[in-house]
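> When the letters of the sequence shown are read in order and numbered with UniProt numbering, they come out as residues 1 to 979.
All residues carry an ideal CB built from backbone N, CA and C; glycine is no exception.
In this text, all values refer to a predicted model and were calculated from it rather than measured experimentally.
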Amino acid sequence: MYMRVIRGPGGSDELEAESEKIAAAEGTNEEAVDGQQEADASTGEAGPSKLILPPIEWDEPLLRPRPQIFFGREDRLQEIVDIIAPSDDEPSSSSGFAAARLAVLGAPGIGKSSLALTALHHPRTVARYGERRYFVLCESASNASKLLRVIAEHFEMEVDDDVEDSMVQERVLQRLRCKDQPAMLILDNLENPWEDPNERDSVEKILIALAGLTNLGLIVTLRGAERPMGPFWTRPFLQPVAPLDNDAARKTFIALSDIAEDEPVLPKLIERCAGHPLALSLLANIAQYDSMTAILARWEQESTSMLERGPLHRLTNFDISIECSIAGPRMKLAGQCAIDLMTLVCMVPDGFSEETLTEIAKSVPDLGKGVSVLRQTALAYDHNIRIDPPEALPAAALAASPTAKFLESHKAVPEARTSRRLCVYGPIRAYFSTGGRKPQDTHVKVLEDHYIALAAKAANIGTAEDGEMLAKVLRLEVGNMHCIIERILEKDPTRRDAIQAAADLGSFLRHTFHGSLRNSSLQLAIKASQAIGEDALKAEWMVRAAEHARDRGDVESAVAGFEAARALLNDVRGQAHCLKQWAIALAETKDNVRAIEKLEEARALYRDAGDLAGQGECLVHLANCAIAQDECARAKLLAEEAMRIFRKNGHATWQARCHKVAGIVAQRNGELKQAATKFSSALTLFKKAGCAPEVADALAKLAEIANARGDLADAFSTTGDVLTMVRGFGRMGMGMGMSMGWGHAGMAAPAAVSAVNRQREAQALLELGKLALALGNLDTARGRFEEAAAIFNEAKDDHVAKQGLASCAVGLGDLSFKQNDAEDALARYQSALVMFRRSYATRQEADTLAKIGQAQQALHTNFDAGLVAHITALAMFRKTRSESGIAGQLRWVGDYTRAGGAPKEALAIYHVAGSLCRRATDWRLSADVHACIGDVCVTFNNRDGARERYERSLVLYRKGSDTRAVQLCQEKIDELSLY
């Protein structure tokens, strides 16, 4: 290698003489030198040495190898490569290509260097720059002078200590001109020389000089989110490097540790690392020689202090890496305010909103300066969450209700807003939370008061005018509220304000149907209520614990809990609430008689207490029990009485529930238009109150109405909207503590919340499967049934999930039957029958028996068994007062009678079945009965009557998009036309 020596004053004469000799040989004249000096004088910049330096022959320095383990970040890598090495159809450097000027920014240990080095090894980068690719480590450079020498040493230049910086800079610039060939330089960890305020200007002048080389692309990597001044950075700016996504994090961990891909503890450890590459690599290194279970246990005890390997260095010790940023000049310059703010924001999992920062500013001096420096150093970052304005009402609701359509067209629509949250990546938060730095008590008190006030605000959402928008904002704070409430109760179990905040948060979650209190918060509140020792408070939380058990599907434990709480309660309103919740649990087990008894008792107590709202809630629950007992008239009266109460107090949610009851009653009575109007009104009010899952429930009811009208396409589309809505639930910050992702609101939810919404999702998938089957989309139907079954199977011990699994089996049986595989259909029906019997689902059991009868008759192996199944189903349908079920079995009896040579008797049976079909609004069965009556008319040679019936049937089949049935019916009509 040719070594260029840069000597101090002792060797300058010889160097100058040698330079003049070589310059003369190359034809350099003094006019050119003078012109250069004049140009330097005109710019006012300190020009290079008067020496005209000769060209140098050199070997290129070795380039650091490409990182071998690099997963994810494909988009960011491609973005950098597209800038530094445009594709072939872009202009080349010789025809005007602008050399890149990029700053790769991000948090400590986030992978900035690996990303830049990987881009430097990209095939397109290699093709453009060849060997002229340089990666210079600036870690040892503490100022501008040392930065120049680090760059010079990278190119094997020996630099004496007494050489002026200007000479070193000129030699570096000459070396990087590379005979005007394209070159790419990366200055890694530039924050070391640049971060000191006294050195910034000098370092930035060096960057300006480097950026002045038109052939040279320049990339700098720095900790933080602030770019140096000086160079005209390529636009758009690169966004700071984010953590790895879950898939890339998983691949990285496995590649470094060689553990099995199905290791059960792996997801938990990846979650702890939160996509942070340095934390991942250090934890994966430990996994090479320690068990995953032991590592997880160590993390819970030691947190980030266990993340080390080898020497104490920022690349091998996570805590040192973070301390390098904390001890840096920018943090020191900001003073105590930055540390105070960091200790506070690390107390919560989902970061601080701007409103929260405003509250904290009351106790933390110079908060704005602290926020700024945390962003500059990337110890914290901004996560911007778009909060959309309330969505328009679904098309199904607008079509069903002219009133809803009018209100929708005239309402004021607020603009979308962005919640800017100051967040901290999970491992950095873990380091601060378990380290020696503690927040000041006065600051913590302000934070606690803020979240307790938020919980109180959340509890009153049902009566808020802007409930939907308020719910969207408050759901971002749920994780933080959980965290702060738990912190208070762990420290002081007698804090009544925290116990009340837990109750308020639970009310918000229950009202919006996102679930209930996280189990850890619930247990702390129960323990606190017991510590205070008041029976009333203890019983109140026993009731909440029973509600929690009921939400998990453990109805038996819930009933026992309500009964135990009732024995401790002395106040009337508390007793009434306990009885009401007890009744809801009984109703879920189909014990409507006892549920009604408890509700009537609760209603009387509410009346004694003068609580109108409590009376109204009991009326709505009584109406639901009446519907379960097929007492629709009574249900309607109860709902109307409840509506009068809730209109007075303006509670939108309970008004909506009254409309929903009225809609179900109208639907049961065959009044489809009125039912659709009621469901649309319920949906509108649920939406106003922020009850998103109940909006989905009301929309599902509108899909049922569309199905009953025979509009299968509309029903399928509306149910698809339901599925989309349901899949959006549960994605809110629930405070998973240090294990939580990378600080974003909207990570994981507790199991209880997920179970409720997962069952909603499964139910929507099941309905989509049924509709797809009716529309003849067999592959879609199978896929939806199988998806639904997989979700129901997650909670197969729950009685609702058991019925869901049975319904999926019936759906797959229907699919097999439609494909003429009666044997497979029969097996699936029999499997479903067992599950329905175990969950006491009488009506579904009767439906399945009827299908078993059809399958057995189709097999022609056991006609008598099929006959018994049909007759048993008919008896069960009569017991459950299912008009649709009775009509279906009467239609089968008619078929059996006609096959036995008694068409007149069969005709009478078909007429009875037809009248029941109209009342039950079962379009498919009604179409089948019309066709059967037409067949009998043909037997009696009544062609006009037959044609009329076939044409009615044809209209219904077309509406339901049943192409096969339409074809068969049309063939019968065409055949009649021949006579």
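Can you find the residues in the same chain that come closer than 7 Å, C-beta to C-beta, to residue 596, ignoring five residues on each side of it along the sequence?
622 and 625.
> How long is the line joining the alpha carbons of residue 963 and residue 957, rounded to whole angstroms?
One C-alpha to the other measures close to 8 Å.
> Would residue 229 be called buried (16 or more neighbouring beta carbons within 10 Å of its own) or exposed?
Exposed.
> How close, in whole Å, do the beta carbons of residue 905 and residue 876 come, if the pair is a contact with beta carbons under 8 Å?
At roughly 24 Å, the Cβ-Cβ gap does not stay under 8 Å, so residue 905 and residue 876 are not in contact.
> Could you name the residues of the same chain whose beta carbon sits closer than 6 Å to that of residue 700, not counting the 5 residues immediately before and after it, in chain order?
Cβ within range, chain order: 722.
> Along the chain, where does the alpha helix (DSSP H) that runs through residue 418 open and close?
Here residue 418 belongs to no alpha helix (DSSP H); instead the beta strand (DSSP E) covers 417 to 423.
> What's the C-alpha gap between residue 800 and residue 662?
Whole-angstrom Cα-Cα distance: 24 Å.
> Terminal residues of the continuous alpha helix (DSSP H) containing residue 292?
Counting along the chain, the alpha helix (DSSP H) containing residue 292 begins and ends at 292 to 302.
> Just to check my reading of the structure: residue 842 and residue 829 have Cβ atoms closer than 8 Å, yes? What is that Cβ distance to the nearest angstrom?
About 16 Å separates the two Cβ atoms, so there is no contact after all.
> Is residue 322 close to chain C, meaning its C-beta is less than 8 Å from at least one C-beta of that chain?
You won't find chain C in this structure, because it holds only one protein chain.
> Provide the residue span of the alpha helix (DSSP H) that contains residue 562, from first to last.
From DSSP, the alpha helix (DSSP H) with residue 562 extends over 555 to 568.
> Would you report the Cα separation of residue 40 and residue 165, rounded to the nearest angstrom?
Caution applies to residue 40, whose pLDDT of 42 falls short of 50 and renders its modelled position unreliable; the value that the coordinates give is listed next. So the alpha carbons of these two residues sit roughly 17 Å apart.
> Which whole runs of the alpha helix (DSSP H) in the stretch 899 to 925 are 4 residues long or more, in chain order?
List check, alpha helix (DSSP H) in window: 903 to 920.
> Out of 555, 434, 422 and 488, which one is the CA nearest neighbour of residue 354?
The shortest Cα separation from residue 354 among 555, 434, 422 and 488 belongs to 422.
> Can you check whether the CB of residue 645 is closer than 8 Å to the CB of residue 635?
Not in contact: residue 635 and residue 645 (Cβ atoms no closer than 8 Å).
> Count the other CB atoms within 10 Å of the CB of residue 840; is the residue buried (16 or more) or exposed (fewer)?
Residue 840 comes out exposed.
> Alpha carbon to alpha carbon, how far is residue 217 from residue 146? Give it in angstroms, no decimals.
Answer to the nearest angstrom: the Cα atoms are 22 Å apart.
> Give the DSSP-derived three-state secondary structure of residue 970 in the structure shown.
Helix.
> Check each candidate in 705, 925, 677 and 682 and name the one with the smallest Cα separation from residue 885.
Of the candidates 705, 925, 677 and 682, the one whose C-alpha sits nearest the C-alpha of residue 885 is 925.
> Could you please give the first and the last residue of the uninterrupted alpha helix (DSSP H) stretch that includes residue 188?
Counting along the chain, residue 188 falls outside any alpha helix (DSSP H), though it belongs to the beta strand (DSSP E) covering 183 to 188.
> What does the Cβ neighbour count give for residue 793, buried or exposed, with the cut at 16 atoms within 10 Å?
When all chains shown are included, residue 793 counts as exposed.
> Reducing DSSP to helix, strand and coil, say where residue 387 ends up.
In this structure, residue 387 counts as strand in the three-state DSSP scheme.
> With DSSP as the reference, please indicate the residues paired to residue 206 in a beta bridge.
Per DSSP, none; premise fails for residue 206.
> Just list the beta strand (DSSP E) runs in the UniProt domain "Novel STAND NTPase 1" (68 to 223), keeping only unbroken ones of 3 residues or longer that don't cross its boundaries, in chain order.
The qualifying runs are 101 to 106, 133 to 137, 183 to 188 and 216 to 223.
> Beta carbon of residue 562, beta carbon of residue 536: below 8 Å?
Taking 8 Å as the Cβ cut-off, residue 562 and residue 536 do not qualify as a contacting pair.
> Taking the alpha-carbon positions, what's the residue 498 to residue 239 distance?
If I take the Cα positions, the gap works out to 40 Å.
> Please report how far the alpha carbon of residue 450 lies from the alpha carbon of residue 458, in whole angstroms.
About 12 Å.
> Let's see if you can read the secondary structure: which residues bound the alpha helix (DSSP H) around residue 693?
Per DSSP, residue 693 belongs to the alpha helix (DSSP H) from 692 to 708.
> Can you give me the C-alpha to C-alpha distance between residue 435 and residue 427, rounded to a whole angstrom?
Rounded to the nearest angstrom, the two C-alpha atoms are 12 Å apart.
> CB-CB under 7 Å to residue 344, same chain, minus the five flanking residues each way: which ones, in chain order?
360, 439, 443 and 447.
> With burial defined as no fewer than 16 other Cβ atoms inside 10 Å of the residue's Cβ, what is the status of residue 352: buried or exposed?
Buried: at least 16 other Cβ atoms inside 10 Å.
> Suppose only complete runs of 4+ residues qualify. What are the alpha helix (DSSP H) ranges in the stretch 630 to 689, listed by chain order?
List check, alpha helix (DSSP H) in window: 632 to 649, 652 to 668 and 672 to 689.
> Looking at the unbroken alpha helix (DSSP H) that takes in residue 573, where does it start and where does it end?
From DSSP, the alpha helix (DSSP H) with residue 573 extends over 572 to 588.
> Assuming residue 621 is part of the alpha helix (DSSP H), what are its boundary residues?
Here the alpha helix (DSSP H) through residue 621 covers 612 to 628.
> With residue 511 and residue 658 assumed to form a contact (beta carbons below 8 Å), what rounded beta-carbon distance in angstroms separates them?
Actually they are not in contact, since the Cβ atoms of residue 511 and residue 658 sit about 16 Å apart, beyond 8 Å.
> Which ranges would you report for the alpha helix (DSSP H) in the stretch 752 to 815 if only whole runs of at least 4 residues count?
Within the stretch 752 to 815, the complete alpha helix (DSSP H) runs of at least 4 residues are 778 to 792.
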